[in-house]
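Okay, structure first, notes after.
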Amino acid sequence: MTASPAPTPSTPAAKPSTSLDYSSVELPIRAAVKGVRTGVSTFRFTCIAACQGPKVALGTQHGHTIVVSHELGAQRVRTIRPPAEDAGPARSVDWSADGSGLVVGYASGSVALFDATTYVLQKLVRDMQNSAVTAGVFWGAAGRQNIVTADELGRCYMLTFNTFLVTMTCEKKLLLKKEKPVKAMAALRRSEMADAGLVAMVSSEVVTVISMAPTPRLVFEMPLSESESLCVCWCADPVTLCVGVGRTIHMLRPRTDLAVFDVVGQVLLPSKDFTTGFRALRCVGGGLLAAVVAPAHESSSREVILVQTNRPRTTMLRGSGNVVYRHRLLGTYCPDLIAVNGPTVILPGYQAGADTHHFTEVTVGYWQDEIKRLLNGHQMKAAITIVSGIGGGGLPQLADASRPNPMEMEALLRVYLSDLPEDDDLEAVQERVTLAVDACASMALWDFLYRVVFARCEACGAAVRDVYLKVVETRLRSGVLPPGTVDSEVVAIVLSRFRDELAKHPTVEVRRAAEDFCLSVNPGSLDLNFTTRMATEFGLWSVLVYVYNAAFGDYTTPLQIFVDAAVRAKKRLAQAEGDGVSEKLASMPLVEHLYGYLTFTLAGKAYPLETPTAMPKPPATAINDLLRAIFDDSPGCFDELLEVSPTEFFKCLPLTEECIQKCSVRMTERSGRNEDEEEEVLRSYYLFIAKACQVRGIAIVPKEVRQQVLKVMLQAFPEKRVQVAFERIYEDDKCASIDVTEFVKEASARSMRSVQAWALGHCLGEYEEMLCCYLDTPQLSEDIFEDVIRTDDSAIRQGVRAAALKLVKRLIELNPAETGRLFMDGVLELEDSNEPVVKLGEIPDDLYCAFLLPLLNPSSTWQDANGRRIFYHAHALTGLELLLRTDRQSGVSKFLLRAADGAIPVDQARELCQKYSSTQGLLCLYEKADDDDGVIATILDALSSTEDESQKLELVSMAADFTLRRAERLQPEQISKLWMPCLAMACDDQKISQMLLRKGGVLDLVPVSQSIETLLRKRPGRRVDDDALRKPLVSLLGGVGFSYSLAESTEDISRRDASRLFSGLVSRQSRALSVSSVVCQACQKALVGDSNVSGKVTVFDCGHTYHDKCCQPEPDEMNPSPTVRECKLCRWG
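Reminder that position 219 of the sequence shown reads as 219 in the UniProt record's numbering, one-by-one numbering, no gaps.
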């Protein structure tokens, strides 16, 4: 079977305060602690059960069963020994419904049945598998012959005991098998459904209900979420199954045929107050549950709480309001055990220091007894408060079988009002009447309130009746009394009192009180004619709207009443004040209600009033009638509404094309009036037209007022919205209906640069001025490159780009890089011209470089289009001079090598390179012209003219690069002519030799014998020792392979020293190296592992280690293709 879903209660609104103070009512609940003389102080209780008598049975960890009873006012304790030595601890205990039998289940799986009078063992049933019993209960209305047990293996058995003569037999039958053991079990007793033998059991995964009569059958199962806290119990009236899962109690109610269990509610414990869930659960009666829980502040402690599960829907089933009582359990050992005997909740405990056991008894009293006690003591007010609290849900029902019925409350109120004080003590009268009204409201005794209570007060005189009416009025306005229940006669009397008071003292407070009262009553309870007359006479405008809209469905009449009253008010103000009439009129509540009513009604919304029922939304027919009353009816309200406040009137109108058209017609009829008087009206009208056309997405209509509307928009609208409106006019008639020149002047005066620029370009064709507007405005200047110059609008594209060429200097000053991209992308193109767009010196060099950066970039694509080629030829020589002037010598050679033929005049370029001492530039120019002798001469001249060692090394590197590039064309004489002076004039031989080795095959081209002889001799008159020569030779011999000519040229040197050098080199290469680290010195990652995919490791003579990829030689300008590796830490390869 499945459970039907629980009804979802709506969240109740907060109840208004009344004279019924339930917080001061003391609940009839008493707690006491009583000692238990068990005889053995070391017992630990493991299970508990109670029955009428009263008797309490407790199972212990030693297998004993303690029975505590009260006979003749004295406590008596009996100890029942285990039925067998191997029985183990008692795990469950239960009394039969008639109290004649006691069943105990043990950890060994045995089940023992005892006589509850003599406590003699009648039958012991053993389990073949010795599976511990987890739960066991009697089922049925009476007798001790039917038991259901469950064990740790998840098996549930039915035990049937029969007695023949003096012999008792037991029939054991397996009912069902669960995957997980049953943790708790409960049987339904003392109920109209007890004959069905309902037994509920809960495990960690499912709750199961079995009907044992007439034959065992499964009637209900519901899956549960995992939780450490699981418990179950039955409530008898009405029959309800309560299942505790964690901090939630699920309440299920079986139907008569047991086919469906309806979920009737849930109770949730707040986590801020309770750490864990329900540890144990029992029903006290009347929908009251007793439970053991752990408090949030101390999870090892225990509390007993009482939970009310049957409160009215408006105050129940969510939150801590269901917990009506909490009591902290005393003792160092408080097991999760609880038993209920009548209205008393019993919980065992143990005090370690005193070695004593005790019971905590919580006794729940009955409200009926408390009410009788109060009545006997003539405490009528307290009795009425309790009865109304229980009946209305303000107080818990506790263990009472039912709530007070209305007749009981009426009887109490009749007695309470029978001796009502006379007129001389009105304070006492008001106190009693207020209590009676609040009590009737709490239990919905409306007829009694408006008939009996009113008649009783009226019989006591006019003063008492006025007190009653005042209380009813106040409670209606505060929401204590529902508006739909108010008697129309009472309402009429209250309204008459308000009218009289308004006629005498028409103050703001009285008027507000009258409005609140009328709005708190349903229209059906009002005298509509009287109410409308009173509202019109005394200016109760909200009441007027409420009555006409809610009662009559009339939306036009309130407008007419508002307009007439507003016109009269304006005339009175004009006669009395003279100046400032409009401001004073606009601040009147009448005008606020007038235009507020128009705004909501024309928008199809209900007028916002706090009424018993929601105000109705106006139907479409009502809106059409209202528009007709404003515009079409003769004479209509149009002129009067403008006379009151044109600004507010046009704000109220819906932004529709129909309203635009109707307003245009009516404003045309007013065209002959004084313009000074109509200034505010026209301005409000133009603003309305502008907003409506913007919302509708159309150009401004009618065309006759476009110029005026745009002028007002320039004053009141943001720039973007003005531009959108202007663009729509341009799309409509190319701005033929407006004076664009005048509009541009006004936009300029308002500093709306984007509007001004758009009009200049699209309408007047003044593109240069348009770009100047963008350039002069910082907020718009960044948009000029993407949105303006790169525009897709074919009408202005050509003119804008022509103007951009004229203003290119300003564009470069604004953003040189973006301006350069315009030329590179072909957006801007030069005509056939050899002159640059800007001459050198007109703008700073850094800006000019940023402008020509796409041109100077080696990867640029200037040669792809004709326009870009023209731009390149016009700026190539300028770009070269910029590179030379800004000390960017490294880029000169690359620029010259990729220069287009004829783009740079060679003579002029050579003069520039000589002017700025650019050796690289001269070399590129000579090499590009295939003048190798010029290159050689340039290098040698540069070497002879410098004393800086680093510059000499750089020149030697250039010579090496030149030699490699032109190896196939150079003659040996040219190589000798270049290299002999290079090697002779250079000083640092070690750096030169290492540099030459990095250059690769340079030494294969240089005459080696001459070069080594030059290295030996250096310059005439200087000697070189062995150490200065040894390192370069070792590097030469250990590096790249040389040609055979090297050995022939160094034969005389090798005979003297090569043997010693080779021996040292071989010993160095063959000796074991000491590795200084297991990580790469470059990337600081492990040498082996995921960081080294190839697995290759390089170890240098110095002991430093690297990944193979991390010590690859790096190319530079002097050696673009290096081959020799070297240690990056000590530079020892």
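For every residue, glycine included, the Cβ atom is placed at its ideal position computed from N, Cα and C. Because the structure is a prediction, the values reported are computed rather than measured.
| Check | Outcome |
| --- | --- |
| With distances taken from CA atoms, which of Cys518, Gly479, Pro482, Val508 is nearest Ala492? | Cys518 |
| Using the rule of at least 16 other Cβ atoms within 10 Å of the residue's Cβ for burial, across every protein chain shown, is Arg247 buried or exposed? | buried |
| So what does Gln308 bridge to, in DSSP terms? | Leu288 |
| Looking only at C-alpha atoms, which of Pro1122, Ile992, Ile796, Asp257 sits nearest to Pro1113? | Pro1122 |
| Among Glu509, Leu626, Lys584, whose alpha-carbon lies nearest the alpha-carbon of Gly553? | Leu626 |
| With 16 as the cutoff for other CB atoms within 10 Å, does residue 1201 come out buried or exposed? | In the structure displayed, the chain extends from 1 to 1133; residue 1201 sits before or after that span and is not available. |
| Residues in the same chain with beta-carbon distance under 7 Å from Trp139, minus the five sequence neighbours each way, listed in chain order, please. | Asn146, Val148, Ala187, Gly197, Val199, Met212 |
| Tell me which same chain residues have a C-beta within less than 7 Å of the C-beta of Glu152, skipping the five on either side of it? | Ser131, Ala132, Thr134, Pro181 |
| By Cβ distance below 7 Å, which residues in the same chain neighbour Cys1127 in space, the five residues on each side in sequence not counted? | Phe1100, Cys1102, His1104, Gly1133 |
| Report all residues from its chain with a CB closer than 7 Å to the CB of Gly604; omit the five preceding and five following residues, and keep chain order. | Lys617, Pro618, Ile623 |
| Between which two residues does the alpha helix (DSSP H) holding Cys693 run? | 679–696 |
| Please go through the same chain and pick out, in chain order, the residues whose beta-carbon is closer than 6 Å to the beta-carbon of Thr1098, but skip the five residues on each side of it. | Tyr1106, Asp1108, Cys1111 |
| Here's the rule: buried if 16 or more other CB atoms are within 10 angstroms of the residue's CB, otherwise exposed. What is Val480? | buried |
| Based on Cα-Cα distance, which residue from Tyr333, Arg189, Pro254, Tyr157 lies nearest to Pro216? | Tyr157 |
| How far does the alpha helix (DSSP H) with Tyr848 in it reach, from first residue to last? | 845–851 |
| 8 Å is my cut-off, CB to CB: does Ser388 come that close to chain B? | Here there is only one protein chain, and chain B is not present. |
| Measuring straight from C-alpha to C-alpha, what distance separates Asn815 and Lys809? | 10 Å |
| Report the option in Arg76, Pro396, Asp639, Arg869 whose CA atom is closest to the CA atom of Gly53. | Arg76 |
| Indicate the three-state DSSP secondary structure (helix, strand or coil) for Gln266 in the structure shown. | strand |
| Would you check if the stretch 280–296 and the stretch 327–345 touch, i.e. whether three or more CB-CB distances between them fall below 8 Å? | yes |
| Taking a contact to mean a Cβ-Cβ separation below 8 Å, would you say residue 1178 touches Val471 in this structure? | Examination of residue 1178 is not possible in this model, given that the chain is present from 1 through 1133 alone. |
| Mind listing, in chain order, the continuous alpha helix (DSSP H) runs of no fewer than 4 residues lying wholly within the stretch 393–464? | 406–418, 426–442, 454–459 |
| Give, in chain order, every unbroken run of the beta strand (DSSP E) that is at least 3 residues long and sits entirely within the stretch 335–375. | 339–341, 344–351, 356–364 |
| If you draw a straight line from the alpha carbon of Ser19 to that of Val33, how long is it in whole angstroms? | 37 Å |
| DSSP has Phe45 in a bridge; who is on the other side? | Thr60 |
| The alpha helix (DSSP H) with Ser781 in it runs from where to where? | 778–781 |
| Taking a contact to mean a Cβ-Cβ separation below 8 Å, would you say Thr360 touches Leu329 in this structure? | yes |
| Report the residue from Glu537, Ala566, Glu766, Val387 whose alpha carbon sits nearest the alpha carbon of Pro404. | Val387 |
| Using the rule of at least 16 other Cβ atoms within 10 Å of the residue's Cβ for burial, across every protein chain shown, is Pro1120 buried or exposed? | exposed |
| For the alpha helix (DSSP H) containing Cys663, list its first residue and its last residue. | 657–669 |
| Could I get the ranges of all uninterrupted beta strand (DSSP E) runs contained in the stretch 54–111, with 3 residues as the minimum, in chain order? | 55–60, 65–71, 74–80, 90–95, 101–106 |
| Which runs of the alpha helix (DSSP H) fall wholly inside the stretch 872–908 and span at least 4 residues, in chain order? | 890–897 |
| What residue range is occupied by the uninterrupted beta strand (DSSP E) comprising residue 1137? | With the chain covering only 1 through 1133, there is no way to say anything about residue 1137. |
| From Tyr848 to Cys924, what distance separates their C-alpha atoms? | 24 Å |
| Can you give me the C-alpha to C-alpha distance between Ala462 and Arg456, rounded to a whole angstrom? | 11 Å |
| Met185 and Val137: beta carbons closer than 8 Å? | yes |
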